[in-house]
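Quick notes on the structure that follows.
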Amino acid sequence: MPARVRLERPTLRAAAEFLAAVHRSRKLHAPWVKAPSTEAAYRDFVRRVRMPTHIGYLIRLRSSGELVGVAGISEIVRGSLCSAYLGYYAFAPHERQGLMTEGLSLVIKQAFGPLRLHRLEANVQPGNRTSLGLIRRLGFRREGLSPRYLKIRGRWRDHERWALLADG
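When you read off a place in the sequence shown, starting at 1, and then add 79, the result is the number in my numbering.
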């Protein structure tokens, strides 16, 4: 089956489309993620994913180019660790259609292929059943719970720690 999605590096040209997608996805994102919602925040996001320790991707439908979601590989550490964090979120109305599974599979291929990482870690809030299902489908294994791990929307939130290794 041909891929329904493709990856694209974020650019400043995509700002209006990205911000419109964030706006229409507010209910979907709360309380799980705080996506960049202003032009300044989007510019900061684009700047950050161009750093050597971060890589960002827009996930788009192949057929129309419509924005499906975002994925990022962050805090890339080389040397004997060769590890990074995977972050992601979908945009309405494309959630729960398997499109993020396809998009993140492409991101994982980049991480373990050209980026030559050994380990990817994803941290998911325990109540986010949709995201937990996604990470399980991708082959990640639960490693534990990190209490008060990330501050999202002004509150420290617990996260389950999941990991995927290049060699299984």
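Heads up, the beta-carbon is just placed ideally off N, CA and C, and yes, glycines get one too.
Between the CA atoms of residue j and residue i - distance to the nearest angstrom
| i | j | result |
| --- | --- | --- |
| T180 | Y136 | 14 Å |
| R227 | W235 | 5 Å |
| L146 | G182 | 11 Å |
| S104 | L98 | 10 Å |
| A119 | R198 | 32 Å |
| E174 | G166 | 16 Å |
| A245 | A171 | 31 Å |
| P115 | I152 | 16 Å |
| R157 | V203 | 24 Å |
| I75 | E239 | Residue 75 lies beyond the stretch modelled for the chain, which goes from 80 to 247, so this question has no answer here. |
| H133 | Q176 | 27 Å |
| G212 | A169 | 14 Å |
| F191 | T117 | 32 Å |
| K188 | L107 | 27 Å |
| R195 | G247 | 14 Å |
| L178 | R127 | 25 Å |
Exposure of residue i, with buried meaning 16 or more beta-carbon neighbours within 10 Å
| i | result |
| --- | --- |
| S225 | exposed |
| S142 | exposed |
| H258 | Missing from the structure shown is residue 258; the chain here goes from 80 to 247 and no further. |
| A82 | exposed |
| V249 | Outside the modelled stretch of the chain, which goes from 80 to 247, sits residue 249, for which no answer is possible. |
| A109 | exposed |
| P205 | exposed |
| P193 | exposed |
Neighbourhood of residue i by C-beta distance below 8 Å, restricted to the same chain and skipping five residues each side
| i | result |
| --- | --- |
| K230 | R236 |
| R122 | L91 and A94 |
Host alpha helix (DSSP H) of residue i (start-end)
| i | result |
| --- | --- |
| L185 | L178 to F191 |
| L107 | R105 to H108 |
Residue i in three-state terms, based on DSSP
| i | result |
| --- | --- |
| D246 | coil |
| L211 | helix |
| E145 | coil |
| L165 | strand |
| A114 | coil |
| H102 | helix |
| E96 | helix |
| V128 | coil |
| L91 | helix |
Residue i beta carbon near the ligand GTP (any heavy atom closer than 7 Å)
| i | result |
| --- | --- |
| V84 | For the structure depicted, the ligand GTP is absent and the ligand set is empty, with no information on it obtainable. |
Own chain partners of residue i with C-beta closer than 7 Å, once the 5 adjacent residues on each side are dropped
| i | result |
| --- | --- |
| F219 | A201, W241, A242 and L243 |
Beta-carbon proximity list for residue i, same chain, < 6 Å, skipping 5 on both sides
| i | result |
| --- | --- |
| Y164 | S153, E154 and E200 |
| F124 | P115 |
Extent of the continuous beta strand (DSSP E) run through residue i
| i | result |
| --- | --- |
| R157 | Taken as a continuous stretch (DSSP letters only), R157 belongs to no beta strand (DSSP E), as it is neither H nor E. |
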